Amino acid sequence: IYLGLGVSSLTDEMGEYVGKVIVFQDITHLKRVEKLSLLNELASHLAHDIRTPLTSISGCLQMLRKEDVSLENKTLIELALEETKRLNALISDYLSYARPTREKEKVDISQLIKETITLFKGSLGDKKITVDTALLEKTYIRGNKEEIRQLFWNLFVNAKEAMPNGGMLKVIMEREQNMIKIMVQDTGRGIPKEIQDRIFEPFFTTKPQGSGLGLAIVHKIVNEHEGKIEVENQPKKGASINLYFPLVSSLY
Numbered sequence: 016i017y018l019g020l021g022v023s024s025l026t027d028e029m030g031e032y033v034g035k036v037i038v039f040q041d042i043t044h045l046k047r048v049e050k051l052s053l054l055n056e057l058a059s060h061l062a063h064d065i066r067t068p069l070t071s072i073s074g075c076l077q078m079l080r081k082e083d084v085s086l087e088n089k090t091l092i093e094l095a096l097e098e099t100k101r102l103n104a105l106i107s108d109y110l111s112y113a114r115p116t117r118e119k120e121k122v123d124i125s126q127l128i129k130e131t132i133t134l135f136k137g138s139l140g141d142k143k144i145t146v147d148t149a150l151l152e153k154t155y156i157r158g159n160k161e162e163i164r165q166l167f168w169n170l171f172v173n174a175k176e177a178m179p180n181g182g183m184l185k186v187i188m189e190r191e192q193n194m195i196k197i198m199v200q201d202t203g204r205g206i207p208k209e210i211q212d213r214i215f216e217p218f219f220t221t222k223p224q225g226s227g228l229g230l231a232i233v234h235k236i237v238n239e240h241e242g243k244i245e246v247e248n249q250p251k252k253g254a255s256i257n258l259y260f261p262l263v264s265s266l267y
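The structure is reproduced here in structure tokens:
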């Protein structure tokens with residue numbers, strides 16, 4: 016452990032020196048935070064440096080794909096391209112998690128959810144997933160638009176992956192005093208009880224191709240927006256991720 020040490024002179028009522036007061040404080044946690052901060056900074060630089068040659072590799076593979084190559088080699092090229100896409104997605108997830116807090120402004124969270132749902136529907140392809148919403152109009156919080164979109168995109172993608180055979184995604188908003196409650200519900204497999212407490216941990220995942228950062232990013236963004244997040248598991252009915260954010264006045 017790391018100990019902080021403070022020493023102060025002790026005097027009596029007449030100002031005469033009578034001894035010293037020595038205070039010890041456990042600062043182990045602070046030292047760990049410092050180390051993690053340095054590691055995050057180093058890893059972020061490394062991620063940027065990896066992305067540049069990765070883009071070049073992807074470009075070269077796409078050019079080779081257009082050439083007259085054997086079926087076997089074409090299969091290898093396609094496989095390599097998929098792996099570069101996966102690596103690029105992993106880098107994007109890490110940079111999102113390591114990125115410092117951004118500036119905030121008054122934003123209509125209802126409008127941001129609508130925009131994200133539109134993008135999400137466009138990504139579904141032939142998946143049999145329907146989206147049902149019960150949103151409140153002109154609902155304002157203090158936040159960063161890009162981070163809020165990222166938050167809901169991650170939740171929607173997570174819900175989609177929980178429903179491989181199709182299902183329904185619901186997004187419901189309710190006012191609770193000075194907070195807005197947003198429920199993102201799916202009709203998927205639900206969350207096993209033994210891992211409910213771990214789903215927001217960085218790099219924890221049950222998916223073979225997952226980075227383990229999707230829900231960790233969600234948790235980080237909620238905390239940075241002075242919010243709260245809860246998980247409700249509904250056996251055989253899917254799961255509900257409940258978000259709470261402080262409201263701001265529409266006149267603010």
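Here the sequence shown stands for residues 16 to 267, numbered as in the working numbering. Even glycine gets a Cβ: it sits at the ideal position worked out from N, Cα and C. Please read these numbers as outputs of a predicted model, since none were measured by experiment.
I'd like to confirm the pairing. Which residues does DSSP put opposite residue i in its beta bridges?
{"i": "Phe260", "result": "Ile195"}
{"i": "Tyr17", "result": "Per DSSP, none; premise fails for Tyr17."}
{"i": "Gly34", "result": "Leu25"}
{"i": "Ile244", "result": "Leu258"}
What distance in whole Å lies between the Cβ atoms of residue j and residue i, which are believed to be in contact at a cut-off of 8 Å?
{"i": "Met188", "j": "Leu262", "result": "So it is not a contact: roughly 11 Å between Cβ atoms."}
{"i": "Ala177", "j": "Gly203", "result": "3 Å"}
{"i": "Ile156", "j": "Leu184", "result": "The Cβ separation is near 22 Å, so there is no contact."}
{"i": "Phe218", "j": "Leu230", "result": "Not really, about 11 Å apart at Cβ, beyond 8 Å."}
{"i": "Glu72", "j": "Ile106", "result": "Just to set this straight, residue 72 is Ile in the shown sequence, not Glu. Actually they do not touch by this definition, with Cβ atoms about 13 Å apart."}
{"i": "Thr43", "j": "Leu76", "result": "Between Leu76 and Thr43 the Cβ distance is about 47 Å, and since that is not below 8 Å, they are no contact."}
{"i": "Ser125", "j": "Lys160", "result": "With a Cβ gap of about 13 Å, Ser125 and Lys160 do not count as contacting."}
{"i": "Val33", "j": "Leu20", "result": "20 Å between Cβ atoms; not a contact."}
{"i": "Asn248", "j": "Gly205", "result": "5 Å"}
{"i": "Arg190", "j": "Leu151", "result": "7 Å"}
Below 6 Å CB to CB, which residues in the same chain sit around residue i once its five sequence neighbours on both sides are set aside?
{"i": "Phe171", "result": "Phe135"}
{"i": "Thr148", "result": "Val186"}
{"i": "Ile236", "result": "Glu162, Leu166"}
{"i": "Leu197", "result": "For the record, residue 197 in the displayed sequence is Ile; it is not Leu. Here the set comprises Met188, Leu258."}
{"i": "Ala174", "result": "Leu184, Asp201"}
{"i": "Leu79", "result": "Ile92"}
{"i": "Leu96", "result": "Leu76"}
Can you list, in chain order, the residues of its chain whose CB lies under 7 Å from that of residue i, leaving out five sequence neighbours each side?
{"i": "Asp268", "result": "Any property of residue 268 remains undetermined from this structure, which presents the chain solely from 16 to 267."}
{"i": "Val22", "result": "Lys35, Ile37"}
{"i": "Thr70", "result": "none"}
{"i": "Asp27", "result": "Val33"}
{"i": "Glu241", "result": "Pro261"}
Hey, is residue i's beta-carbon within less than 8 Å of any beta-carbon in chain B?
{"i": "Met194", "result": "This model lacks chain B altogether; it includes just one protein chain."}
Considering only residues of the same chain and omitting the five flanking positions on each side of residue i, which have a CB-CB separation below 8 Å?
{"i": "Ile244", "result": "Phe215, Val233, His234, Val237, Ile256, Asn257, Leu258, Tyr259"}
{"i": "Lys168", "result": "Residue 168 is actually Trp in this sequence, not Lys. Only Thr131, Leu134, Phe135 meet the Cβ criterion."}
{"i": "Arg117", "result": "Asn159, Glu161, Glu162"}
{"i": "Asn180", "result": "Lys143"}
{"i": "Leu45", "result": "Tyr17"}
{"i": "Val246", "result": "Ile206, Gln211, Ile214, Ala254, Ser255, Ile256, Asn257"}
{"i": "Leu127", "result": "Lys160, Ile163, Arg164, Phe167"}
Comparing the CB of residue i with every heavy atom of the ligand MG, is any distance shorter than 7 Å?
{"i": "Ile92", "result": "The model on display carries no ligand, and the ligand MG is accordingly not part of it."}
Margin query: Quick check for students: name the residue ranges of the beta strand (DSSP E) that lie wholly in the region 159–219, counting only runs of 3 or more.
Written below: 182–191, 194–201
Next item on the list: Kindly provide the ranges of any beta strand (DSSP E) runs that are 3 or more residues long and lie completely inside the region 115–155, ordered along the chain.
Entry: 120–123, 144–149
Notebook entry, point to check: Within the chosen definition, does the region 82–94 reach the region 118–132 through at least 3 CB pairs nearer than 8 Å?
Noted result: no
Checklist line | Minimum length 4: unbroken alpha helix (DSSP H) runs contained in the region 36–100 | finding: 43–80
Next item on the list: Decide if the region 125–132 is in contact with the region 202–218; the criterion is three or more beta carbon pairs, one per stretch, under 8 Å apart.
Entry: no
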